[in-house]
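Q: Numbering (UniProt numbering), first residue to last: 1 to 169. Quick reminder that beta carbons are idealized off the backbone N, C-alpha and C, glycines included.
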């Protein structure tokens with residue numbers, strides 16, 4: 001799922017199938033237009049890796065090779081692609097990785113190249129976390145709302161039997 005996909009549960013399989021046949025559906029509260037599709041998630045899967053671009057700062061010149069950068073990025077997640085332009089430019093190197101929780105990627109890693117240690121800063125690039133259709137953030141504006149709701153949208157084990165994906169348009 002990407003940043004515009006959301007998981008939803010339906011009361012029964014026939015409801016899901018009915019909504020999935022529609023080309024789109026307008027949700028009345030905020031007039032969102034969505035498309036419902038059946039989930040292709042594995043029933044036995046406990047989690048799904050998310051793809052995110054990370055930036056690696058303070059990488060020495062001797063380590064600015066794709067293979068070495070992939071090895072460093074593997075400390076954070078499974079490397080997908082290295083931004084080749086960022087290798088030759090000054091500044092951080094960008095790498096796309098698959099990881100469990102992109103919001104937790106921030107910090108420093110000490111890595112040794114030829115017996116010399118370097119403290120590398122690793123951060124995930126900003127990802128849009130709310131719908132581009134909203135003019136204001138939802139909720140009371142407190143950061144506590146986000147913490148209370150973080151598990152609300154996680155799929156439960158029984159959701160997959162009747163789960164579907166909503167895609168904003």
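DSSP on residue 47, reduced to helix/strand/coil?
A: Residue 47 falls in the coil class under three-state DSSP.
Q: If residue 78 sits next to residue 97, beta carbons under 8 Å apart, how far is it from one beta carbon to the other, in whole angstroms?
A: Indeed, because the Cβ distance is near 6 Å, the residues count as touching under 8 Å.
Q: In this structure, how does DSSP classify residue 63 when only helix, strand and coil are distinguished?
A: In this structure, residue 63 counts as helix in the three-state DSSP scheme.
Q: Taking three-plus beta-carbon pairs below 8 Å as touching, is the stretch 80-98 in contact with the stretch 49-67?
A: Yes, since at least three Cβ pairs between the stretch 80-98 and the stretch 49-67 fall closer than 8 Å, the two stretches touch.
Q: Quick one: Cα of residue 33 to Cα of residue 22, how far?
A: One C-alpha to the other measures close to 12 Å.
Q: Could you name the residues of the same chain whose beta carbon sits closer than 6 Å to that of residue 117, not counting the 5 residues immediately before and after it, in chain order?
A: So the list reads 110, once near-sequence residues are dropped.
Q: By how many angstroms is the C-alpha of residue 25 removed from the C-alpha of residue 142?
A: Confidence in residue 142 is poor, its pLDDT being 42 and thus under 50, which makes the residue's placement unreliable; the coordinate value appears in the next sentence. Using only the alpha carbons, I get a separation of about 31 Å.
Q: Where are the beta strand (DSSP E) runs, 3 residues long or more, that stay fully inside the stretch 74-136, in chain order?
A: As far as the stretch 74-136 is concerned, its whole beta strand (DSSP E) runs of at least 3 residues are 78-82, 93-99, 106-113, 116-124.
Q: How about residue 38 and residue 63: are their beta carbons less than 7 Å apart?
A: For residue 38 and residue 63, no; Cβs fall outside 7 Å.
Q: Could you pull the DSSP bridge partners for residue 72 from this structure?
A: Bridge partners of residue 72: none, in fact.
Q: Span of the beta strand (DSSP E) holding residue 38?
A: Note, residue 38: beta strand (DSSP E), 32-38.
Q: Give the secondary structure of residue 155 by DSSP, where H, G and I count as helix, E and B as strand, and everything else as coil.
A: In this prediction, residue 155 has a pLDDT of 49, which is less than 50 and means its spatial position is unreliable; what the coordinates show is noted afterwards. It is coil, neither helix nor strand.
Q: So, for residue 49: in the same chain, excluding its five sequence neighbours on each side, which residues have a beta-carbon less than 8 Å away from its beta-carbon?
A: Result list for residue 49: 77, 78, 98, 99, 100, in chain order.
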